[in-house]
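A.B. asks: If you read the sequence shown in the working numbering, its first letter stands for residue 249, the second for the next number, and so on. Glycine included, C-beta positions come from ideal geometry on N, C-alpha and C. Remember, predicted model here, so these are calculated numbers, not experimental data.
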Amino acid sequence: MNDNFSAQPGLNLLGQGGGGCCGGGSCGCGHGAADTEATTGAASATGVEASFLVSGMTCGHCVASVTEEVSALDGVVNVAVDLNAQGASRVTVQATHPIEADALRTAIADAGYEIVGR
249 MNDNFSAQPG
259 LNLLGQGGGG
269 CCGGGSCGCG
279 HGAADTEATT
289 GAASATGVEA
299 SFLVSGMTCG
309 HCVASVTEEV
319 SALDGVVNVA
329 VDLNAQGASR
339 VTVQATHPIE
349 ADALRTAIAD
359 AGYEIVGR
């Protein structure tokens, strides 16, 4: 698949799934369960933004894992995660240029999760 996640109106990936750093379901790691949002970097006024849903995140440690992997992608300047421990969590990525969909999927998979649906 050679599509990009870029500033496209209404870009949302939807669905259900499982997995994650804590094995999906309820988290037992105890890492920042109250932390529900993580951001990194400064947003670029001239960049692009994409938002998608990721399954399996249940705690602040999960959020940190996804944030770290996605932030490492070339051009990413900000990652925000709205944690939904009972379902898919919204991940919003701001970048200086469109990010390849496969690169995002790989980064999310490296953290132990998946982008769900389309």
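State buried or exposed for THR315, treating a residue as buried only when at least 16 other CB atoms are found within 10 Å of its CB.
C.D. replies: That one is buried.
A.B. asks: Kindly give me the distance between the Cβ atoms of ILE356 and GLU362, rounded to whole angstroms, as I take these residues to be in contact under 8 Å.
C.D. replies: The pair is a contact, with the Cβ atoms about 6 Å apart (cut-off 8 Å).
A.B. asks: Residues in its own chain within less than 6 Å of GLN334 by CB, not counting five upstream and five downstream?
C.D. replies: Excluding positions up to five away in sequence, the list is empty.
A.B. asks: I'd like the list of long-range same chain contacts for ALA359, defined as Cβ closer than 6 Å, with 5 residues on each side in sequence excluded.
C.D. replies: Excluding residues within five positions, the ones whose Cβ falls inside 6 Å are SER313, VAL314 and GLU317.
A.B. asks: Tell me where the beta strand (DSSP E) around THR340 begins and ends.
C.D. replies: 337-343 is the extent of the beta strand (DSSP E) around THR340.
A.B. asks: Buried or exposed for THR344, going by 16 or more other Cβ atoms inside 10 Å?
C.D. replies: The residue in question, THR344, is exposed, as its Cβ has fewer than 16 Cβ neighbours within 10 Å.
A.B. asks: In whole angstroms, what separates the C-alpha of CYS310 from that of LEU321?
C.D. replies: Taking the straight line joining both Cα atoms gives about 18 Å.
A.B. asks: Count the other C-beta atoms from every protein chain shown that fall within 10 angstroms of the C-beta of THR354, then say buried if there are 16 or more, exposed otherwise.
C.D. replies: That one is exposed.
A.B. asks: Helix, strand or coil for ALA298? Go by DSSP, reduced to three states.
C.D. replies: Three-state result, ALA298: strand.
A.B. asks: Could you pull out every residue in the same chain whose Cβ sits closer than 7 Å to the Cβ of ASN332, ignoring the five residues on either side in sequence?
C.D. replies: So the list is empty, once near-sequence residues are dropped.
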